[in-house]
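Take a look at the structure below.
In our numbering, the protein residues as written are 3 to 345.
Written as structure tokens, this is what we have:
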């Protein structure tokens, strides 16, 4: 991975203040490093993990599906039979779920949520972008301390959930919500024409919803746990599997859009082929080494990577590592863990 790509990864973690990392950032730095990079720049909290980290705790924009929401805004305990398979995704029942109850907004990217970290980004018809990030509650104090260097906090409430507003610039705002159910949420503007008034207007429409409403709002292309097997088969269709590779390991990624899911699957395969190339070379097994070489060279033709390439930089990073390996200069384990999420 080039220095420029690494710098971009760190900037994406907090583009408003990329001059240093401290507090909670250090604890999650490896996860930042492994996030597949998109060509489109989006606002992020400090350490949304994607390639290495992955519950649909959720923020989605779909006011049309909001119905029978309790007046308190609290999640209803009952769930209809419309999404029983998704309820294996325990976090979707446990963690706070939010959506923007205003027409015109739609979720564009969903990733993470295998544990307590995840992100959902969305846009409106004018091109304004908004993003929400979930983090484990134990990191709240470190994040809050970091945000105090951005601006003085302003007390605010999002559908009954207390938080603090921070101002990065005249067009960039963020709110940190206090920990609840083991997580906290940070939400903020990403790109587009924003001011304080328009930000507050959108925040006023953010509501907590029940599990069923939230699940119905998920974009159909999002790969959730019950869809992982089918989605993985499609990604693997034109990819040779490394020796002894267990496809059962291609699970537990959380909820991800097609780009992020593709990055996880192709990353696992590439990592395994690179490991096989190293093993074969060390053992003097020229036949196995050639097989690994052919597979890594062939990664340039993998359909999933080529589909992803117009949208983000992850395929370029993977191909760089594949080409280095074939040329006899394979990346280190640390590089692979940071760049492709191999760990």
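Even for Gly, the Cβ is constructed at its ideal location relative to N, Cα and C.
So for residue i, helix, strand or coil by DSSP?
i, result
"residue 320", "helix"
"residue 308", "helix"
"residue 193", "strand"
"residue 331", "coil"
"residue 120", "strand"
"residue 107", "coil"
"residue 164", "strand"
"residue 250", "helix"
"residue 140", "helix"
"residue 101", "strand"
"residue 176", "strand"
"residue 263", "helix"
"residue 257", "coil"
"residue 114", "strand"
Do residue j and residue i count as a contact pair if the criterion is CB distance below 8 Å?
i, j, result
"residue 276", "residue 298", "yes"
"residue 266", "residue 343", "yes"
"residue 239", "residue 263", "no"
"residue 137", "residue 168", "no"
"residue 144", "residue 181", "no"
"residue 338", "residue 320", "no"
"residue 301", "residue 272", "yes"
"residue 244", "residue 274", "yes"
Let me check understanding here. Comparing Cα to Cα, which of the options lies closest to residue i?
i, options, result
"residue 191", "165, 148, 177", "177"
"residue 255", "238, 224, 116, 105", "116"
"residue 210", "327, 126, 164", "164"
"residue 318", "336, 332, 102, 341", "341"
"residue 173", "130, 155, 311, 157", "130"
"residue 105", "121, 160, 127", "127"
"residue 208", "107, 157, 332", "107"
"residue 111", "324, 335, 148, 261", "261"
"residue 313", "98, 259, 345, 324", "259"
"residue 135", "99, 335, 316, 215", "99"
"residue 179", "205, 224, 329, 303", "205"
"residue 305", "345, 235, 323, 329", "235"
"residue 149", "175, 323, 159", "175"
"residue 195", "214, 125, 219", "125"
"residue 121", "290, 257, 326", "257"
"residue 123", "152, 193, 151, 158", "193"
Would you tell me roughly how many angstroms separate the C-alpha atoms of residue i and residue j, rounded to the nearest one?
i, j, result
"residue 248", "residue 269", "14 Å"
"residue 141", "residue 296", "44 Å"
"residue 221", "residue 109", "7 Å"
"residue 119", "residue 286", "42 Å"
"residue 78", "residue 170", "Summary for residue 78: the model assigns pLDDT 29, below 50, so the residue's position carries little reliability; its value from the coordinates is reported in the next sentence. Answer to the nearest angstrom: the Cα atoms are 35 Å apart."
"residue 279", "residue 294", "5 Å"
"residue 2", "residue 189", "Lying before the first or after the last residue shown, residue 2 is absent from the chain, which here runs from 3 to 345."
"residue 227", "residue 201", "33 Å"
"residue 288", "residue 282", "7 Å"
"residue 309", "residue 237", "11 Å"
"residue 224", "residue 114", "11 Å"
"residue 102", "residue 155", "23 Å"
"residue 183", "residue 160", "16 Å"
Complete alpha helix (DSSP H) runs within the stretch 184-246 (minimum length 4 residues, chain order): Fully enclosed alpha helix (DSSP H) runs of no fewer than 4 residues occupy 198-205, 213-219, 230-238 of the stretch 184-246, in order along the chain.
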